[in-house]
Amino acid sequence: MSPDVTSIEAEGLDRETLTLPGFQEKLVNQVVNATEGTVILVIMSAGPIDVSFAKNVTKIGGIIWVGYPGQAGGDAIAQVIFGDYNPAGRLPFTWYPKEYADQVQMTDMNMRANTSRNFPGRTYRFYTGKTVYEFGHGLSYSTFTKFIKSAPSTEQRAKGRRPRGASVLETATLGDVGWSTKPAAGGLSEGGGEELAGKACNHEGGCVQETELCG
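For reference, each letter of the sequence shown is one residue, going 0 to 214 in numbering that gives the first Met the number 0.
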């Protein structure tokens, strides 16, 4: 378990990096090298952490971000790890690589990417760079197969909502998205999992293309 201590992250105290604090990354690697079994990396933090170093380590069987879960957090984490509960959580923000903190100044409130300033943008709507994990990413013990039941469609939004001439390209309406599920083999005490069908709209026509959740 890798906690992000309040000495570097708290109300009125912002982190200066996106990496694990102190020697925690070194500690994780030492634990992995010392054990013969599978390691589950649990991240406690208020925001994204660049855990790229752990994503492709064979012995690390899972990476779980739990935020700051409170007094019942220990039981909840154990239930997920040991298969008593099938998780369905999704990341509420983009996980950027550590270089992002050097590219973007904290005082720069711009959102959209700007190549002339080497500014990659902010949030899932405008960020154009590589991610550690995308907004909305999440896994469960069930395997879901998603499919589109109808062709994409284009609709015109009200003029007051978007710049003049802008249109919305919808990949599918929520009712046109289907999925099937297959529980994982073994390990679960009870039935299947849950899957959230997300939908994003790309805005085009006379303005910079952007993406936002819609539904």
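Quick reminder that beta carbons are idealized off the backbone N, C-alpha and C, glycines included.
Give the DSSP-derived three-state secondary structure of residue i in the structure shown.
i	result
Leu40	strand
Thr16	coil
Ser139	coil
Tyr99	helix
Thr122	helix
Thr114	helix
Ser6	coil
Thr144	strand
Gly11	coil
By how many angstroms is the C-alpha of residue j removed from the C-alpha of residue i?
i	j	result
Ala71	Asn113	43 Å
Gly185	Phe143	Reliability fails at Gly185, whose pLDDT of 44 lies under 50, so the model's placement of it is uncertain and the value that follows must be treated cautiously. If I take the Cα positions, the gap works out to 16 Å.
Ser141	Val30	28 Å
Gly88	Gly66	11 Å
Trp94	Phe134	7 Å
Thr37	Lys58	5 Å
Glu8	Ala45	8 Å
Ile42	Asn117	30 Å
Thr122	Ala33	37 Å
Asn226	Ala100	Here the chain has residues from 0 to 214 only, and residue 226 is not among them.
Pro182	Gly137	In this prediction, Pro182 has a pLDDT of 47, which is less than 50 and means its spatial position is unreliable; nothing more can be read from the coordinates.
Leu81	Gly73	Checking the sequence shown, residue 81 turns out to be Phe, not Leu. The straight-line gap from Cα to Cα measures roughly 12 Å.
Tyr84	Ser115	48 Å
Ser6	Leu26	19 Å
Gly120	Val79	34 Å
Met110	Arg124	9 Å
Asn55	Tyr126	24 Å
Under 8 Å, do residue i and residue j count as touching if we go by C-beta distance?
i	j	result
Ile48	Leu19	yes
Ile39	Gly21	no
Asp13	Met105	yes
Lys97	Thr16	yes
Ser139	Pro91	no
Pro68	Ala77	no
Val50	Val131	yes
Pop quiz: residue i and residue j are said to be a contact at Cβ under 8 Å. What is the actual Cβ separation, rounded to whole angstroms?
i	j	result
Phe52	Glu24	6 Å
### Message
Going residue by residue through the stretch 22-99, where are the continuous alpha helix (DSSP H) segments of at least 4 residues, counting only ones entirely within it?
### Response
23-33, 51-54, 72-80
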